[in-house]
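Protein chains in written order, with this note's numbering: chain A, 1096 to 1253; chain B, 28 to 785.
Just so it is clear, CB atoms sit at the ideal spot from N, CA and C, and this is done for glycine as well.
Shown next as structure tokens:
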């Protein structure tokens, strides 16, 4: 079976790869490009550990096919910090101890960034519903929600 | 005890040393390793809950191009029955070898039957379909009580119940009876003014760590093996794999990856011996990762149970006797956590007459694994519900009833020991004084309270502390960091050395680089590895003092260590400028060579942790949905090293308990197959399901730890189920005796109550 050749943009870089028709974006990111920050928790879109931005829209990478990427732009957790400078969400997650094992953290950060890009001043309820697709088994969500609200406040300059 | 002195680091909240790796995606978890030439391993699993495996034909799979190795029961030698500790539970190699790869029979749907390694995932999956297994399906039994009945399908023809007299002559599904008793329960019930007896049922729940089991194994032609694995205990994995594969321990070097949650479920082996076996056959590295479906069907969960609880008390609220009968399902092999369940059932209370009997029962489900305080949340849920009913019957505040009977220093527990200083009374008093306990409730709202106890453990632990040439240090420990332990361990080392915490870099050593260290479990890591880190730091301090003494040409005992500096111990010692750790380190080559501290201990005196939870719920009478409105955890931490991570354990445990109380359960069809093996249908709490979880850290120092630490990770999952059941009773006047209290059950009970009222 011949593989498909795909040309796309990942984290701002032009990327070419070969993939099987059934390979998901998550398979491509992890197994082909070794961008392992996006995690596989379920492969069914239920846990959110593989959350990435596709043309700025929050998606589960396990629910997108690799062959669909031609001409699109993907942004992963690996692009969230700029050089030595962490994104405010990343800093606040460390400051608030908003992670324990950390395996859900990349997906939650990507999802939270997508929220703050749309809504710079979310309520606690808005944060909780926006992140309802990102499972965390360790923290009980308390410190995650506080970190997102605090990062939002910081980014608003208040 | 150092708990009253001023600390530089203990009790502060510095950033965790692995924080940046975790927020940038750099941290490498089990599935994140890719090595050249790596094959993909997959497991063929039984579609039957119970079947004789008459034959396995792998010829077609082996002939498929790209397949490099196939493994079946024929590749594993049988093992003698031998019990060894794994986490807080015992495991038997005879059973582990059968759980890793089915032998005579498949004992549950999802039981591993064969495995392949191939050059791609697609070829490996195709090869699995080419393996021909001839099964003879047998009748199955899923429920533990049904499995105890005469005529039930028997899982193990040689299983004779242990702990009963006379010894049975026939095999059954009852593996074991345990009993813990004090005093005379019959006399106790006779002296009671009120006796309440109730039955309870709980369902198996999964640890539901977000990271599936994963490993990469590589065995060289000379038998030297490397294993990269997500686990709570890589030394334990090494021991199991060596035993199952007939290898020397020194030939297997295990590296613990970052671990994406475990909660007890990553204390046993599933894929690891299979990956090593495949790699040995193929001569190439093999990576294996479970799917979420496999995680649910073939790993974990914890037991479901059927329980009878009987408690008697006088009118003034003094409990005169408590009795529990606990039936825990173990899954396909013996070893449910019924023993700790029986030991914990009444542990929060100072009782003269108490008896707990437990039954360990095998059924055609995946073998249970440890889950956060294994066994305790189940039995304590049932007892704490009856305590609440007793308080209501007697017209006594439920916290006051608990205070009247609370275990304290000197109380003898039914399972044997006398408690040292413990914090149950403090947690209850602070709960009673908390604003949460007095806050007003609205219609359809109720408040519940429950307490919890867990033993905590210590155990074998190593640590080393290397002083670098510039005075920075490396702390090496053997306990995988599952929730921020590296932060607290560095803080303890920094406190002892008197240096900045960011001058201590933590490393989780592989099994070839540090002595045997028992796994992360039993809430032992901050306690035991902390103790080892402190000992290693004190070893370093002694060496630093000796080096300074050499430089100053004075006796070593004339030097003392204070705030990161060697100083002359007094005026008689001489007049020398204090020397910093960095200054002494820079001269190490001239004063005797490298400075490295070591500790190898068997940590004792863990000290139990007690907690009390308060919860407010609101019940939607139209849908049966229970919403948690407010939640407060009050728990004894002995001494919180890094309070943020203590709070995190309290919050995470409480929310796992909320899931157990309201949603989570294994659902089987009549065909013995699991019907909800995914996160859509096995629904763990999501962010919008829960409120903020308030925490109060109670600190009753543990006298057996230099800083007063006690483990805190497990106790928080114990009280939520009873606290929520008690809150729902308070809201509706309906007492539920089954978990989970899911909307259909709540709605049905509301309907029945309304019908009865008409």
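Reference residue i, options the options, closest by Cα
i	options	result
residue 1156 (chain A)	A:1168, A:1166 and A:1140	A:1140
residue 534 (chain B)	B:547, B:517 and B:527	B:517
residue 712 (chain B)	A:1109, A:1159 and A:1142	A:1142
residue 170 (chain B)	B:189, B:157 and B:135	B:135
residue 1181 (chain A)	A:1246, A:1252 and A:1099	A:1246
residue 1151 (chain A)	A:1193, A:1132, A:1172 and A:1138	A:1172
residue 727 (chain B)	B:560, B:446, B:546 and B:185	B:446
residue 488 (chain B)	B:37, B:544 and B:248	B:544
residue 1201 (chain A)	B:107, B:140 and B:49	B:49
residue 520 (chain B)	B:536, B:499 and B:538	B:499
residue 1226 (chain A)	A:1215, A:1175 and A:1205	A:1205
residue 346 (chain B)	B:612, B:414 and B:768	B:414
residue 180 (chain B)	B:188, B:191, B:168 and B:770	B:168
residue 549 (chain B)	B:592, B:740 and B:654	B:740
residue 175 (chain B)	B:160, B:197 and B:192	B:197
residue 154 (chain B)	B:89, B:165 and B:319	B:89
residue 1115 (chain A)	A:1127, A:1104, A:1221 and A:1107	A:1127
residue 107 (chain B)	B:172, B:601 and B:123	B:123
residue 139 (chain B)	B:183, B:321 and B:172	B:321
residue 493 (chain B)	B:484, B:483, B:504 and B:486	B:504
Residues bridged to residue i [DSSP beta-bridge criterion]
i	result
residue 139 (chain B)	B:72
residue 607 (chain B)	B:592
residue 117 (chain B)	B:112
residue 83 (chain B)	B:160
residue 337 (chain B)	B:224 and B:350
residue 67 (chain B)	B:145 and B:314
residue 201 (chain B)	B:388
residue 328 (chain B)	According to DSSP, which records beta bridges pairwise, residue 328 (chain B) is partnered with nothing at all.
residue 660 (chain B)	B:640 and B:722
residue 627 (chain B)	B:489
CB-CB length for residue i against residue j, believed under 8 Å
i	j	result
residue 730 (chain B)	residue 448 (chain B)	6 Å
residue 454 (chain B)	residue 639 (chain B)	4 Å
residue 622 (chain B)	residue 541 (chain B)	18 Å between Cβ atoms; not a contact.
residue 137 (chain B)	residue 325 (chain B)	4 Å
residue 301 (chain B)	residue 358 (chain B)	Not quite, the Cβ-Cβ distance comes to about 19 Å (not below 8 Å), so this is no contact.
residue 65 (chain B)	residue 243 (chain B)	7 Å
residue 291 (chain B)	residue 1235 (chain A)	Not quite, the Cβ-Cβ distance comes to about 17 Å (not below 8 Å), so this is no contact.
residue 592 (chain B)	residue 605 (chain B)	4 Å
residue 625 (chain B)	residue 491 (chain B)	5 Å
residue 691 (chain B)	residue 232 (chain B)	4 Å
residue 754 (chain B)	residue 471 (chain B)	Not really, about 11 Å apart at Cβ, beyond 8 Å.
residue 91 (chain B)	residue 141 (chain B)	Wrong, their Cβ atoms sit about 13 Å apart, outside the cutoff.
residue 797 (chain B)	residue 310 (chain B)	A question about residue 797 (chain B) goes unanswered here, because the residues of chain B that appear run from 28 up to 785.
Closer than 8 Å at the beta carbon, the chain B residues around residue i
i	result
residue 1169 (chain A)	Within chain B, no residue comes near residue 1169 (chain A); the closest Cβ sits about 14 Å away, beyond 8 Å.
residue 1129 (chain A)	61
residue 1115 (chain A)	149
residue 1139 (chain A)	319, 705, 706 and 707
Neighbour list for residue i in chain A, Cβ cutoff strictly below 7 Å
i	result
residue 672 (chain B)	1192
residue 544 (chain B)	Result: empty, since nearest Cβ-Cβ is about 19 Å, beyond 7 Å.
residue 681 (chain B)	1235
residue 16 (chain B)	Only positions 28 to 785 of chain B appear in the structure, and residue 16 (chain B) is not among them; the question remains open.
Residue i: contacting residues in chain A (beta-carbon distance under 8 Å)
i	result
residue 43 (chain B)	1189 and 1192
residue 358 (chain B)	Near residue 358 (chain B) there are no residues of chain A at all, since even the closest Cβ is about 21 Å away, more than 8 Å.
residue 510 (chain B)	1195, 1196 and 1233
residue 711 (chain B)	1230 and 1232
Beta-carbon neighbours of residue i, restricted to chain B and to distances below 7 Å
i	result
residue 1198 (chain A)	56, 237, 238, 287 and 288
residue 1237 (chain A)	678, 719 and 720
residue 1161 (chain A)	In chain order: nothing, as chain B lies at least about 14 Å away.
Proximal residues of chain E, C-beta to C-beta of residue i below 7 Å
i	result
residue 715 (chain B)	No chain E appears in the structure shown, which is made up of the protein chains A and B.
Proximal residues of chain B, C-beta to C-beta of residue i below 9 Å
i	result
residue 1247 (chain A)	Chain B residues near residue 1247 (chain A): none, gap ~15 Å exceeds 9 Å.
residue 1172 (chain A)	50, 51 and 52
residue 1144 (chain A)	237, 238 and 287
Report task. Output the residue ranges of the alpha helix (DSSP H) runs that lie fully inside the segment 224-306 of chain B and measure 4 residues or longer, sorted by chain position. Result -> The alpha helix (DSSP H) runs lying completely inside the segment 224-306 of chain B and spanning 4 residues or more are 261-272, given in chain order.
Query raised in the report: Where in the segment 455-503 of chain B do unbroken runs of the alpha helix (DSSP H), each at least 4 residues long, occur, reported from the N-terminal end onward?
Result: Counting only runs of 4 or more, we get 462-465.
Requested in this report: Could you tell me which uninterrupted alpha helix (DSSP H) segments, each at least 4 residues in length, are contained entirely in the segment 704-772 of chain B, listed from first to last along the chain?
Outcome: Here the runs fully enclosed are 747-759.
Report task. Mind listing, in chain order, the continuous alpha helix (DSSP H) runs of no fewer than 4 residues lying wholly within the segment 1164-1220 of chain A? Result -> Along the length of the segment 1164-1220 of chain A, whole alpha helix (DSSP H) runs at least 4 residues long occupy 1183-1190 and 1200-1213, reported in chain order.
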